[in-house]
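Number of protein chains: 2
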Amino acid sequence: MPQVSTKPALTRAERAYTRAEPDARRHSLILACARVLAREGVGGTSVRAIALEAGVSPGLVGHYFAGIDALVAATYAEVESRVSEALDAALAQAGSDPHARLEAFVTASFRAPIADPELLATWIAFWSLVRARPGIARQHDEQYAAFRLRLEQLLADCGVPAARLRRAAIGVTALVDGLWLELCLSPQAFGAQEAAEIARGALAGITSTGR
Amino acid sequence: MPQVSTKPALTRAERAYTRAEPDARRHSLILACARVLAREGVGGTSVRAIALEAGVSPGLVGHYFAGIDALVAATYAEVESRVSEALDAALAQAGSDPHARLEAFVTASFRAPIADPELLATWIAFWSLVRARPGIARQHDEQYAAFRLRLEQLLADCGVPAARLRRAAIGVTALVDGLWLELCLSPQAFGAQEAAEIARGALAGITSTGR
DNA sequence: GCACTTGTTGTACGAACGTCCAACAAGCAA
DNA sequence: TTGCTTGTTGGACGTTCGTACAACAAGTGC
């Protein structure tokens, strides 16, 4: 992105102002931030990179958010919301059979819209921020606790004994995260369908033995 | 870390030069880099932060490595080596029973020296670099392929059918990674011992059904 | 057309970045 | 003690960072 330093600022005729509603602008900045986090990682994510990705001027980040950290936090909320909605939708379509519901909930993570390498990469970037940013850590804790609680409920509906619920939920959550990680970082190793099969196998083991 | 800008440079009497052998100095910079990556994440890891952590002057990073990226790559190699050695040691102590060996190999990830929150946090930082840095991606691919290959061998020794080896190895690797992630990011949720129990349960499922 | 509201641009600014290197200094041998 | 080798310091330099904001401009109502 070289800037020809001898080139004068754009004339009035050359500047292109494109107005957008505040919510729409905020949303497009959030999406741009997610994409930059995914592609460049945390180290390559800057106000200028996000603005360039969004096709706007850098000042807009400061105008619409209390700074880049606030934008990243808003991006976390957006991505998390997208994942939650996909899980909700999977459950809504799963019917009432407990095993089908459990499987739908877990395997939704390996289908669109979740199993998108870009979304997974953004998610990995968020993981890497948890320890250094208390705000992201809070968001992370809430989201994970909610996911695990829900998973426990679904597992309980499948007859997993109460004494084993917690560990089963932790294990399934870990398996999903680990498969996400490798789906994203080593896409040549296996794909989303295989990940779903692996997860199904694990669920079958857990629910068949009540282990 | 405010620097009193009116304070003159240290006089000759105040400067403290401490010499170290090149290898020792390189190693201490690598360890400092690992600690900073763990604590501050990628975004907070800079030449100055690492040098401060190592108790030396920033110029030493450039003296001993071809820049901060080379130092990070060297840090990856060091941490990976530390993990591999721990796994080797666990296997060496496990005896000849295939099931004991498999369990030792997998649960070693949940014992010292591996299950150290700082090491895990450094590892998460490396994950977040994989997509944006080809060199780290190469290191990552090699390390993961080697781990999975080894795991497949151990699983095969336990009688897991050849047709199921690959997926079993992928699943166990994912489970380990996911448990690492949460051990590090949500230490209040569960501990290393419980992680080991969860992993043992998963291994028992895989090896008992030959699934 | 004008005035006002409100969204946009792009740059100034101080701070921090990675890299480079001259000056310094520890340690050793003669 | 001197000279040499080699490790260390810390600051210069150009670049990039996040933030702030003056100037600009789109869009609306009168």
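Protein sequence lines correspond, in order, to chains Z and V. So our numbering is basically just the index in the first sequence, starting at one, shifted up by 953. So our numbering is basically just the index in the second sequence, starting at one, shifted up by 953. Each residue gets a CB set at the ideal place from its N, CA and C atoms; glycine is no exception.
Residue interval of the alpha helix (DSSP H) (run including residue i)
{"i": "Glu1095(Z)", "result": "1087-1110"}
{"i": "Ser1037(V)", "result": "1021-1045"}
{"i": "Gly1124(V)", "result": "1115-1138"}
{"i": "Arg978(V)", "result": "975-993"}
{"i": "Pro1070(V)", "result": "1070-1082"}
{"i": "Phe1058(V)", "result": "1051-1060"}
{"i": "Gly1158(Z)", "result": "1145-1161"}
{"i": "Val899(Z)", "result": "Only positions 954 to 1164 of chain Z appear in this structure, which leaves residue 899(Z) out of reach."}
Beta carbon proximity, residue i to chain Z, threshold 7 Å
{"i": "Val957(V)", "result": "Confidence in Val957(V) is poor, its pLDDT being 33 and thus under 50, which makes the residue's placement unreliable; the coordinate value appears in the next sentence. Cβ-Cβ to chain Z under 7 Å: no for Val957(V)."}
{"i": "Glu993(V)", "result": "yes"}
{"i": "Phe1143(V)", "result": "yes"}
{"i": "Gly1158(V)", "result": "yes"}
{"i": "Leu1040(V)", "result": "no"}
{"i": "Ile1151(V)", "result": "yes"}
{"i": "Gly1163(V)", "result": "Bear in mind that the predicted position of Gly1163(V) carries a pLDDT of just 46, short of 50, making it too unreliable to give a figure here."}
{"i": "Gln1146(V)", "result": "no"}
Among the options, the one whose alpha carbon lies nearest that of residue i
{"i": "Ala1122(V)", "options": "Ala1023(Z), Gly1131(Z), Thr1075(Z)", "result": "Gly1131(Z)"}
{"i": "Glu1033(Z)", "options": "Glu1095(Z), Val1014(Z), Ile1159(Z)", "result": "Glu1095(Z)"}
{"i": "Val1036(V)", "options": "Thr998(V), Asp1069(V), Ala1149(V)", "result": "Asp1069(V)"}
{"i": "Arg988(V)", "options": "Glu1031(V), Ala1043(V), Gly1015(V)", "result": "Glu1031(V)"}
{"i": "Ile1159(Z)", "options": "Ala1145(Z), Ala1149(Z), Cys1111(Z)", "result": "Cys1111(Z)"}
{"i": "Glu1147(V)", "options": "Gly1124(Z), Asp1050(Z), Ala1045(Z), Tyr1097(Z)", "result": "Gly1124(Z)"}
{"i": "Thr1060(V)", "options": "Val1014(V), Ala1145(V), Leu1102(V)", "result": "Ala1145(V)"}
{"i": "Ala1042(Z)", "options": "Phe1018(Z), Ile1067(Z), Leu1156(Z)", "result": "Ile1067(Z)"}
{"i": "Glu974(Z)", "options": "Arg1001(Z), Tyr1017(Z), Ala1065(Z)", "result": "Tyr1017(Z)"}
{"i": "Leu1040(V)", "options": "Gly1012(V), Pro1051(V), Arg978(V), Arg1064(V)", "result": "Arg1064(V)"}
{"i": "Val1009(V)", "options": "Leu1156(V), Pro1114(V), Arg979(V), Asp1050(V)", "result": "Arg979(V)"}
C-beta atoms of residue i and residue j nearer than 7 Å
{"i": "Gly1020(V)", "j": "Ala1078(V)", "result": "no"}
{"i": "Leu1128(V)", "j": "Leu1128(Z)", "result": "yes"}
{"i": "Ala1023(V)", "j": "Leu982(V)", "result": "no"}
{"i": "Ser1081(V)", "j": "Ser1081(Z)", "result": "yes"}
{"i": "Val1083(V)", "j": "Ala1090(V)", "result": "yes"}
{"i": "Ala991(V)", "j": "Glu1071(V)", "result": "yes"}
{"i": "Thr1126(Z)", "j": "Arg1103(Z)", "result": "no"}
{"i": "Ala1026(V)", "j": "Gly1088(V)", "result": "yes"}
{"i": "Arg1120(V)", "j": "Ile1151(Z)", "result": "yes"}
{"i": "Tyr1029(V)", "j": "Ser1139(Z)", "result": "no"}
Per-residue burial, residue i [other beta carbons within 10 Å of its own, 16 or more giving buried]
{"i": "Thr971(Z)", "result": "exposed"}
{"i": "Glu1056(Z)", "result": "buried"}
{"i": "Arg1086(Z)", "result": "buried"}
{"i": "Gly1048(Z)", "result": "exposed"}
{"i": "Gly1154(Z)", "result": "buried"}
{"i": "His1093(V)", "result": "buried"}
{"i": "Gly996(V)", "result": "buried"}
{"i": "Ala1116(V)", "result": "exposed"}
Contact with chain V by residue i, beta-carbon distance below 7 Å
{"i": "Leu1128(Z)", "result": "yes"}
{"i": "Ser1081(Z)", "result": "yes"}
{"i": "Met954(Z)", "result": "Confidence in Met954(Z) is poor, its pLDDT being 33 and thus under 50, which makes the residue's placement unreliable; the coordinate value appears in the next sentence. Output row for Met954(Z): interface = no."}
{"i": "Ala1139(Z)", "result": "Here residue 1139(Z) turns out to be Ser, not Ala, going by the sequence shown. Closer than 7 Å: yes."}
{"i": "Ile1077(Z)", "result": "yes"}
{"i": "Lys960(Z)", "result": "Bear in mind that the predicted position of Lys960(Z) carries a pLDDT of just 40, short of 50, making it unreliable; the figure below should be weighed with that in mind. By this cut-off, Lys960(Z) is not an interface position."}
{"i": "Tyr1239(Z)", "result": "No answer is possible for residue 1239(Z): the residues shown for chain Z start at 954 and end at 1164."}
{"i": "Gln1046(Z)", "result": "no"}
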